[in-house]
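To start, the structure under review is shown below, and the notes come after it.
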Amino acid sequence: MQPIAALGTLPTKAACGSDGGSCTGQQTVCPKQYRNPPAMNQLFSSIRWILLALFLGAGLGLVFPEAAPAISPVSKLMLQLIKAAATPLVFFAVLEAILRYNVAGGDFLKLFTVVLINAICAISIGLLAANIFEPGQYLTFLAVDM
Numbered sequence: 015m016q017p018i019a020a021l022g023t024l025p026t027k028a029a030c031g032s033d034g035g036s037c038t039g040q041q042t043v044c045p046k047q048y049r050n051p052p053a054m055n056q057l058f059s060s061i062r063w064i065l066l067a068l069f070l071g072a073g074l075g076l077v078f079p080e081a082a083p084a085i086s087p088v089s090k091l092m093l094q095l096i097k098a099a100a101t102p103l104v105f106f107a108v109l110e111a112i113l114r115y116n117v118a119g120g121d122f123l124k125l126f127t128v129v130l131i132n133a134i135c136a137i138s139i140g141l142l143a144a145n146i147f148e149p150g151q152y153l154t155f156l157a158v159d160m
């Protein structure tokens, strides 16, 4: 049997339980576990819950439109929390990816160039979209004396 780096060796079916999923022996990966890593199962479970909540919310909104003003503060709070969390999450995800990459010497210049080009493209797309769609164009603001 050939060893698989970082995963140990794949045992024969005799080394696994009858269902092909429970292993005997240390640092081995059984075929069933190798095919279905837990992280992927959790991802699909999360996606299912999100889609279920999306369709359930849309259905309830169509059936009970009069309840919308009552739950409006909850939805506004959730959107504010998501907006507040988005920037730090993106920042730390990028930072973690850079630190995990183990940048050395000339690779740093390449990485910096790619990040800079990515940032310039993102800013350009954002400015272009803002100029095309002109958000807030039809809003009117009332002056309030204080």
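Quick note: the sequence shown uses my numbering, first residue 15, plus one each step.
Idealized CB from N, CA, C, for every residue including glycine.
Check, Outcome
"Limits of the alpha helix (DSSP H) - the one that D159 falls within", "Premise fails: D159 is in no alpha helix (DSSP H) and is neither H nor E."
"Alpha-carbon spacing of A99 relative to G75, whole angstroms", "26 Å"
"CB contact flag (Y115, L125, <9 Å)", "yes"
"Where G75 falls: helix, strand or coil (DSSP)", "helix"
"Coil, strand or helix - Q94 by DSSP", "helix"
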